[in-house]
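Below is one structure; the comments refer to it alone.
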Amino acid sequence: MKSGLVYTETVVHAAPEQFVADAPYQLAIVSLEDGGRLTVRVDGERVAIGDRVEFVEDRNGISFFRKA
Amino acid sequence: MRPVAIIGIGKTAFGAFPDRDLRSLAVEAGEKCLADAHVSPSQVEAYYLGNFAGPSFVGQNHLAPYIAGAMGITGVPATRFEAACASSGSAFYHAVSSVAAGLNDIVLVAGVEKMTSQTTPKVTEILAGAGDTCGEVRAGATFPALFAMIARRHMYQYGTTRDMLASVAVKNHENGAKNPLAHMRKVITMEQALKGKPISEPLTVFDCSLISDGAAAVLIVPFERASEFTDKPVKVLGVAQTSDYVALDQKDDITTFRAVAAAAQKAYKMAGVTAQDIQFAEVHDCFTIAEIIAIEDLGFVKKGDGGPYELAGCTRLTGPLPINTSGGLKSKGHPVGATGVGQLCDLVLQLRGEAGERQLAKHSLGLAQNLGGSGATAVVTILGVA
C-alpha cells in the first residue's frame with residue numbers, strides 16, 4: 000500500500016465549478032515512500048506538514064489518502 | 000542585436016465592466032498607445048497579443064487579427080501568445096526578439112482579458128486549466144489552493160507568518176488607492192486582511208488578486224529610431240523568459256520559483272546590472288505569498304527574508320525598495336492576459352516621472368516580473384531611462 004509524508008497541504012473553501020459540492024476539502028502534496036510526489040485528497044481527520052499518510056482508494060480518478 | 004525602446008504606452012482601467020467586450024478593451028489600450036507614441040495604425044509592422052483564455056471566457060478565437068483589424072491594422076503578422084498569467088510578458092519577450100533581430104521596426108504589443116462575464120466558480124475552473132489537469136487539477140486544486148500550499152511550505156521552512164502575508168495586501172491597497180486605473184481603489188487594514196473570508200487555507204480573500212477585465216499595450220521600436228517619436232524613450236535593458244514544470248508536485252522546492260530566479264539572472268546579465276541596482280519593481284503578486292517569494296527569487300533579499308522585509312514596510316512607496324507602486328495585481332486588478340504588459344506600462348509611468356501621487360524620487364531603473372501558473376513560465380524585464 001502506498002504511503003508517505005505530507006509535504007504541504009491546504010483546505011479548499013472556494014472550489015472550482017465541478018467540486019463546489021465537496022468544499023471544504025483538504026488537498027495535500029505527499030512525498031511518497033517509493034519516491035516522487037503526488038497531489039491527493041485527504042479523507043477524514045485533517046493532516047499537517049510532516050504527518051504520515053496512507054492510500055485509501057481512488058474515486059473518480061482522484062487518489063484519497065488518510066492519516067496513518 | 001539591436002537595442003530596443005518603448006516609445007508609447009496605453010492602458011484601460013482595470014475592473015468589472017459588464018458593458019465592455021474583450022475586443023473593445025484591447026482596441027482602447029492599443030489606440031491610446033498609438034496616440035501616446037504619435038504613430039498611426041498603418042505604420043505598425045507587427046501585432047503581438049498576450050491573452051490567456053479568451054476562447055474559454057468569451058468564446059472567441061483568432062484574437063490577434065480580430066483585434067488588430069478593429070484598429071485598422073492589417074497585412075502584418077498578428078499573433079496571440081498564451082503562457083497563462085505570463086501571456087503578455089511572453090508576447091513582449093518575443094516582440095523584442097523580433098525588433099532586436101531586425102525583422103520589424105514598429106511593433107505593437109498588447110495584453111487583454113475579459114473575465115467577469117463568468118461566475119467565480121467558472122473563472123476558478125478556467126484558471127485551473129493553467130495547472131496540470133491530469134494531476135493536481137483533477138484532484139481538486141485551484142490556483143489559490145496551489146499558492147496556499149506554497150504558502151504553508153514557506154511558513155514551515157522560513158517562519159513566514161500570516162501578518163507578513165497580510166502586510167503585502169495592505170501595502171498594495173495603499174498604493175492602488177492612489178492609482179486612477181486600479182480595480183479596487185481602497186485602503187484596507189491589517190485586521191481586515193487577517194479576518195477575510197477563507198479561500199484556501201491559509202489564504203483569505205485579501206491574499207488573492209482580483210478577477211478583472213482590462214487591457215494594456217506598449218509600442219516598441221529600435222532604440223536608434225526612438226527619437227523620431229518621443230523625447231522620453233525608455234530603454235529595454237534586459238528581458239528574459241524561462242520555463243519550469245507545470246505541476247507543483249513535480250518541483251523539488253516549491254518555496255522558490257526557479258524559472259523566476261533563472262530569468263532574473265539572464266536579464267541582469269543582459270542589462271549589466273545587479274539586483275542591488277534596481278530602484279523599484281512591479282512583481283507578480285497573484286497571491287500575497289507570490290510577492291514575498293518574488294522579492295527573494297529576484298535577489299532583492301535573502302531566501303526566507305521576504306516576509307520580514309515586507310512586514311517592516313521596506314517595500315512601501317517611502318521604503319528603500321518600493322514594490323508594486325501601481326497597487327499590484329492585488330489592488331490594481333489582474334486581467335490575466337493583460338498583466339505582463341500592464342506592469343511594463345506602470346514601470347514606464349515611473350521612469351517618465353508621470354506616476355502622479357505614486358511618483359518615486361529615484362526612478363531611472365525598474366524591473367517587472369511576470370509569472371505564469373505556479374511558476375512554469377517566468378518573464379523578467381529591466382527598463383531604464385535612456
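Chains A and B, in that order, are what the protein sequence lines are.
Residue numbers for the first sequence follow numbering that gives the first Met the number 0, beginning at 0 and rising by one.
Residue numbers for the second sequence follow numbering that gives the first Met the number 0, beginning at 0 and rising by one.
Beta carbons: idealized from backbone N, C-alpha and C, even for Gly.
Legend entry - CB contact check: ILE198(B) to chain A, cutoff 7 angstroms: With 7 angstroms as the cut-off, ILE198(B) counts as an interface residue toward chain A.
Inset, instruction - Note down the Cα distance separating PHE222(B) from SER96(B), rounded to an integer number of angstroms. - result: Going from the Cα of PHE222(B) to the Cα of SER96(B) covers about 13 angstroms.
Inset, instruction - Starting from LEU4(A), find everything on chain B with Cβ-Cβ shorter than 7 angstroms and list it in chain order. - result: What LEU4(A) touches in chain B, judged by beta-carbon distance under 7 angstroms, is nothing: the nearest beta carbon there is about 12 angstroms away.
Inset, instruction - Alpha carbon to alpha carbon, how far is THR160(B) from MET154(B)? Give it in angstroms, no decimals. - result: The alpha-carbon atoms of MET154(B) and THR160(B) are separated by roughly 6 angstroms.
Inset, instruction - Could you spell out where the alpha helix (DSSP H) holding ILE294(B) opens and where it closes? - result: In the DSSP annotation of this structure, the continuous segment of the alpha helix (DSSP H) that includes ILE294(B) starts and ends at 287-296.
Legend entry - Nearest-angstrom beta carbon gap, PHE146(B) and CYS285(B) [assumed within contact, 8 angstroms]: That pair is a contact at about 7 angstroms.
Inset, instruction - Taking a Cβ distance cut-off of 7 angstroms, strictly less, list which residues of the stretch 131-158 of chain B are near chain A, in chain order. - result: Against chain A - using a Cβ distance shorter than 7 angstroms - the residues of the stretch 131-158 of chain B are GLY134, GLU135, ARG137, ALA138, GLY139, ALA140, THR141, PRO143, ALA144, ALA147, MET148, ARG151, ARG152, TYR155.
Legend entry - Coil, strand or helix - ILE72(B) by DSSP: Correct three-state label for ILE72(B): coil.
Legend entry - Option in LEU247(B), VAL245(B), THR255(B), GLN240(B) with minimal Cα separation from ALA266(B): Looking at LEU247(B), VAL245(B), THR255(B), GLN240(B), the one whose alpha-carbon comes closest to that of ALA266(B) is GLN240(B).
Legend entry - contact_flag[the stretch 49-62 of chain A, the stretch 11-22 of chain B] where n(CB pairs < 8 angstroms) is 3 or more: Cβ pair count under 8 angstroms is below three, so no.
Legend entry - chain B contact for GLU56(A) (CB, 7 angstroms cutoff): Judged by the 7 angstroms Cβ criterion, GLU56(A) is not in contact with chain B.
Inset, instruction - Could you give the DSSP three-state label for GLY408(B): helix, strand or coil? - result: Chain B is shown only over 0 to 385; residue 408(B) falls outside these bounds and no answer can be derived.
Inset, instruction - Give a yes or no on whether 7 angstroms exceeds the smallest Cβ distance from PRO120(B) to chain A. - result: The Cβ of PRO120(B) sits closer than 7 angstroms to at least one Cβ of chain A.
Legend entry - Whole runs of the alpha helix (DSSP H) within the stretch 292-353 of chain B, excluding any shorter than 4 residues: You should have 305-310, 327-330, 338-351.
Inset, instruction - Look at SER199(B) and THR38(A) and say whether their C-beta atoms are less than 7 angstroms apart. - result: In this structure, SER199(B) keeps its C-beta atom at 7 angstroms or more from the C-beta atom of THR38(A).
Legend entry - Contact list for ALA289(B) against chain A, beta-carbon separation under 7 angstroms: Neighbours of ALA289(B) in chain A, taken as residues at a C-beta separation under 7 angstroms, are lacking, since the least C-beta distance is about 15 angstroms.
Inset, instruction - May I ask you to report which of helix, strand or coil DSSP gives LYS234(B)? - result: DSSP places LYS234(B) in strand when its eight states are reduced to three.
Inset, instruction - May I ask you to report which of helix, strand or coil DSSP gives ALA94(B)? - result: In the structure shown, ALA94(B) falls within a helical segment according to DSSP collapsed to helix, strand and coil.
Inset, instruction - Spell out a yes or no on whether the stretch 228-238 of chain B and the stretch 122-131 of chain B are touching, meaning 3 or more CB-CB pairs, one atom from each, closer than 8 angstroms. - result: No: fewer than three Cβ pairs fall under 8 angstroms.
Legend entry - Residue environment, ARG58(A), which counts as buried when at least 16 other CB atoms sit within 10 Å: Counting Cβ neighbours within 10 Å, ARG58(A) comes out exposed, since fewer than 16 surround it.
Legend entry - Per DSSP, the bridge partner or partners of VAL217(B): For VAL217(B), the pairing in a beta bridge is given by DSSP as ILE8(B), VAL108(B).
Inset, instruction - Give the residues of chain A in contact with ASP243(B), contact being defined as C-beta atoms less than 9 angstroms apart. - result: Listed along the chain, the chain A residues whose CB falls inside 9 angstroms of the CB of ASP243(B) amount to none; the nearest CB is some 15 angstroms away.
Inset, instruction - Would you decide whether CYS207(B) is buried or exposed? Buried here means 16 or more other CB atoms lie within 10 Å of its CB. - result: With 16 or more other Cβ atoms from the protein chains shown falling within 10 Å of its own Cβ, CYS207(B) counts as buried.
Inset, instruction - Could you check how far apart the C-beta atoms of LEU218(B) and ALA12(B) are, in whole angstroms? I think they sit under 8 angstroms. - result: Not quite, the Cβ-Cβ distance comes to about 20 angstroms (not below 8 angstroms), so this is no contact.
Legend entry - Reduced DSSP category for PHE228(B) - H, G, I as helix; E, B as strand; rest coil: The three-state secondary structure of PHE228(B), taken from DSSP, is coil.
Legend entry - Chain-ordered neighbours of ASP50(A) on chain B, where CB pairs are closer than 7 angstroms: Chain B residues near ASP50(A): none, gap ~12 angstroms exceeds 7 angstroms.
Legend entry - GLU309(B) beta carbon less than 7 angstroms from that of MET163(B): Their beta carbons are under 7 angstroms apart, which means MET163(B) touches GLU309(B) by this criterion.
Inset, instruction - State yes or no: is the C-beta of ASP35(B) within less than 7 angstroms of the C-beta of GLY58(B)? - result: When the beta-carbon positions are compared, ASP35(B) and GLY58(B) stay at least 7 angstroms from each other.
Legend entry - Nearest residue (CA-CA) to GLY81(A), options VAL5(A), VAL11(A), ARG36(A), PHE63(A): Outside the shown range of chain A (0 to 67) lies residue 81(A), about which nothing can therefore be said.
Legend entry - Residue from ILE277(B), CYS313(B), ALA99(B), GLN278(B) with nearest C-alpha to ILE291(B): Here the closest residue by C-alpha is CYS313(B).
Inset, instruction - Between the Cα of PRO321(B) and those of ILE294(B), GLY341(B), LYS301(B), spot the shortest distance and give me the residue it belongs to. - result: Checking every option, the nearest Cα to that of PRO321(B) belongs to ILE294(B).
Inset, instruction - Could you have a look at PHE142(B) and say whether DSSP puts it in helix, strand or coil? - result: Three-state result, PHE142(B): helix.
Inset, instruction - For ASP42(A), go through chain B and note every residue whose CB falls closer than 9 angstroms to its CB, in chain order. - result: For ASP42(A), no chain B residue has a Cβ inside 9 angstroms of its Cβ, as the nearest lies near 12 angstroms away.
Inset, instruction - For my contact list, ALA347(B) and LEU366(B) are in at a C-beta cut-off of 8 angstroms; report their separation, rounded to the angstrom. - result: As written in the sequence, residue 347(B) is Val, which differs from the Ala given in the question. Actually they are not in contact, since the Cβ atoms of VAL347(B) and LEU366(B) sit about 13 angstroms apart, beyond 8 angstroms.
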